[in-house]
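Take a look at the structure set out below.
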Amino acid sequence: MASSASLPTSFSKDPQPRVEPPAGPSNVVPTTRPPLEVHPTAHLDPQAYIQGTSTITLGANVVIHPRARLVSVHGPLTIRAGSVILERCVVGGPVPDPKEPLPPPPEAPVNTVVAQNVLLQASAEVQAGAFLDEACLIEPRAVIKKGVHIGKHTKVCAGCVVDRSVRDWTVLWGDGQTRRLRTGAIDPEDGRLKALEIDRESTAGLLTTAAAKATLGKRRA
Amino acid sequence: MGLTFPYTYISCPCSDGSKEIEESRLRPAPLFHKKPLAEEPEEVEEEKEEAPFDPHHPRASFSLFPPEHLLYCEECRDLKCPRCSIEEQVSYFCTSCLFETPASAVRSEGNRCARNCFNCPICFSQLSVNNINGAVKEGPWILNCYYCMWTSLDIGIRFDRPTNIRAQLDRIANGGTPKAPSKPTETPDLARRSSYLNHESYPQLSATTNEPPPIQQDGSPKEAPLDPAARFTALKAFYKNQLTTTTAANPTHPSISSDFSYSSPSSLNRILNLYSTSGTFPPKKKPKPQLMREALYPSEGLLIPSPDAATSAQTKLLSSATGGFINTTTLSQRHFQTGPAGGNPDARFVDELRPMPAPLTTKRAKRCKECRHILVKPEAKPTSTRHRIKLVALSYIPHVSLRPLLGTSAAGGGASTSSAPSALLYGGDVILEPGKPTQWILKLTNSLFDAVRVSIATPAVTPGKYGHRVTILCPQFEIGANSDVWEEALGSKSGDAAGSAGKISGSGNGGVAEAGKVYEKGRNWTSVVVEVVPVSIAQSIVETADKEEIQVREVDEDEDVLEIPIRVRLDWKQGDLDDGANKKARLNEEGVEDGVRELAYWVVLGVGRVKK
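Protein chains in written order, with the working numbering: chain X, 1 to 221; chain G, 1 to 612.
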């Protein structure tokens, strides 16, 4: 990929994301970079971590925040348009042990899909094989286990560990056993999605500018 | 104990109920001793011979408090624990809006916020008032939960104004239909009602009225049923009225609601009638006793469930659209609803739940139980964290701390002394080797502005099952006043020039553990050395009755904890105070106020655990 002197608007030009893993002792085996298909309007922050062997696909206007981890070790990872992955999230986990060499591509890869307008808040974990449907909201430190389907417009509250599928328009909170159905009719959900879109655009602009400044600073140094 | 070693507890003598304690304040005799009560403390003349405090006694934990929990009463000149102080409310406020509610209005509002603060009926978190259409000035407002995404639209309620939500909610039932407010503006008390109100067009609220409300053809009254809160109020008023009328009509009728004192007019009336009716001739015709009756009309609080109440609930439960088990309420959600505050405790489905107003909290003042003087009084303003009066014990008694003396003396054990500080460094448990003496530095820091003479004493062998040997190298010493730092600096300049920061040279022992001398001394602190020799904690071998099996009894929990009870006696002379607090001070034996204060109490130092 040729480096561009102009301000980068997408990730496919400079700068490149950091390769796994930064944590762990210094005798870690460096890993290969997985194939990326990034939409021009998506923002994959340079300080995000990607790791794996399968393809990672980012749709339009996707924002990946710094220190988020995208793992495609267990299979391909798809993040569709409008989704936001906040800091320290792990998508496609569990993260392989940094001391061990990267495992070979699995014989039966599992697809991990994050649909449109999904918000993954800080430190949420989505394991390989999960499917997060449209406009769902995963709060901090929630864990979505392998093979779980989170329905549309569903909210998984902070700290919940989800090991079975959840239907649409549901709120999963407390110890995970308590849930309620949202009416779905007149609902402040539209307002929330609008706010998410505005926030996503402004954050993407901020992160892009910050990444560009960091790159310029490195070049000067 | 789940605490980190070393720790300090102070024993409050209030738990000791013996008369000796109440009579002699300076010579408390704790109950925690093994000697029988026949040996009265009167035989003990000096404090040294009184029974020591046993920290391992089962009752000891009830009197031990951390120093931060204790208060000091200037009048009684004694420590006060949470049990010997009384609390009273200073102000009532809502934790959400921080708005203070006057004490007169608290009861009428049901101890809850009267404004816009509500809790979600589903997840009990705080609700916020939002406009449906976004940040605009017009349009309906709703209550919104940010956690479980519940809104008041789920129960069909919207509000016209963003303020005074509680009053608006009181007039709307679930579904948006208007309902009678649960707090009626008119009082149902008949005695205060005008006679014009007894007209048939007004709802009848008492049994003494002549005309009952019109009855429908099927026999049920025509009035609309009240909601739970209004029904509760109506039923309460009805029963109160019934008790009043039956008691007044029949003086001999035992009334539950009447007070048991002799000062109320009804009870006086009853007693006089008893004496007056027995001796008259011809005997007065006794009035026919009026029996109490139950509520007959919905306005009195009667609720007749509709015939299809049960089946309708089942139908709703089984229908997938509005019912289903997912839409039923949980026990905790039903317990959260309280009737008087506008809730619906009988709600079966989530669409019958109502948002609950936020409960108020209080700011409390503490008073001494004996002399009723105020010990702690916060400012009434909810947002203020200051106190008007704050007599905490730590402002009077020295702060006690314990740390190991790193092995420089020959008597200090090698491995134990070095392992103890390393364990403390890493937050681990302090393990002491049995039989190996260890030395600890006991530091007392003075908070008073006057110098304090301290006498500390501890039994040579700790009371309890395992008698560890404890020796205090310097039992009597003085601690300097908590004076200004600049005074010490100026004083050291005018005096010796060799004074280092924080230490007065020449007045300590320079860091050497020697009997009869303090270890180190500072501006307002003094430290002495305590030597501890633990004994071994042995697992006792218990033989069963038939002596065939020999079981090893495990050491009970916390039996291996080494705790030292220390009797601390403080003497200080209180300096002149500008606010004239000494005016009410008690006089000494000669009747002359000399400002001498003394205080004695037991301190328990937790040192560590003994290795088994």
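Ideal Cβ positions, reconstructed from N, Cα and C, are used throughout, including at glycine. These numbers were taken from a predicted model, which means no experiment stands behind them.
By the criterion of a C-beta distance shorter than 7 Å, G343(G) is surrounded in its chain by Q337, R354 and M356, once the five residues flanking it on both sides are discounted. When CB distances to chain G are screened at a threshold of 7 Å, the residues of the region 155-166 of chain X falling below it are K155 and C157, in chain order. DSSP places W486(G) within a helical segment (H, G or I) once states are collapsed to three. Going by beta carbons, V400(G) and L442(G) fall inside the 8 Å limit. Note on K366(G): 16 or more other CB atoms within 10 angstroms of its CB, so buried under the neighbour-count rule. DSSP places Q476(G) in the uninterrupted beta strand (DSSP E) bounded by Q476 to I479.
C-alpha of Y147(G) to C-alpha of S15(G): approximately 46 Å in a straight line.
Taking 8 Å as the cut-off between beta carbons, the residues of the region 145-169 of chain G near chain X are Y147, C148, M149, W150, T151, L153 and D154, in sequence order. Boundaries of the beta strand (DSSP E) around H387(G): H387 to K390. Excluding residues up to 5 positions away in sequence, L317 lie with their Cβ nearer than 8 Å to the Cβ of F325(G) in the same chain. Straight across, the Cα-Cα distance linking T247(G) with R270(G) is about 9 Å. Contacts with chain X at 8 Å (Cβ-Cβ) do not include C371(G). Counting along the chain, the unbroken alpha helix (DSSP H) around T215(X) starts and ends at E189 to R220.
Between P96(X) and the set S72(X), E134(X) and A60(X), the nearest pair of CA atoms involves S72(X).
Under the Cβ criterion (8 Å, minimum of three pairs), the region 378-388 of chain G does not count as touching the region 153-164 of chain G. With contact defined as three or more Cβ pairs closer than 8 Å, the region 134-143 of chain G and the region 388-397 of chain G are not in contact. Counting along the chain, the unbroken beta strand (DSSP E) around R469(G) starts and ends at R469 to I472. Residues of chain G with a Cβ closer than 8 Å to the Cβ of V118(X) do not exist; the shortest Cβ-Cβ separation is about 16 Å. Of all residues in the region 105-138 of chain G, those with a C-beta nearer than 8 Å to a C-beta of chain X are I122, C123, N130, I132 and G134, reading in chain order. When Cβ pairs closer than 8 Å are counted between the two stretches, the region 129-149 of chain X is seen not to touch the region 97-108 of chain X, the count staying below three. Interface residue (Cβ-Cβ distance to chain G less than 8 Å): G191(X) is classified as such. Here W440(G) is near V532(G), since their CB atoms are less than 8 Å apart. By the criterion of at least three beta-carbon pairs nearer than 8 Å, the region 55-67 of chain X is in contact with the region 36-45 of chain X. The beta carbon of V91(X) sits no closer than 8 Å to any beta carbon of chain G. Remark: fewer than three beta-carbon pairs, one from each stretch, lie closer than 8 Å, so the region 76-86 of chain G and the region 98-105 of chain G are not flagged as touching. T244(G) has its alpha-carbon roughly 18 Å from the corresponding atom of F232(G). In this structure, the straight-line span from the alpha carbon of N446(G) to that of C120(G) is close to 50 Å.
Shown here, K99(X) sits in coil according to DSSP, grouped into three states, outside any helix or strand. Residue state for T315(G) is assigned as helix, using DSSP reduced to three classes. Look at V171(X): its C-beta is under 8 Å from a C-beta on chain G. Beyond the five residues adjoining it in sequence on each side, C117(G) comes within less than 7 Å, by CB distance, of C94, S96, C97, P357 and A358 in the same chain, given in chain order. In the DSSP assignment, H399(G) falls within the unbroken beta strand (DSSP E) covering H399 to P404. Sequence-distant Cβ neighbours of Y519(G) in its own chain, meaning closer than 7 Å and more than five residues away, are I441, G508, N509, G511, A513, S527, V528 and V529.
Counting only the Cα atoms, Y7(G) lies some 14 Å from S61(G). Rounded to whole angstroms, the gap between the alpha carbons of L226(G) and L303(G) is 8 Å. DSSP places V106(G) inside the alpha helix (DSSP H), whose first and last residues are A103 to V106.
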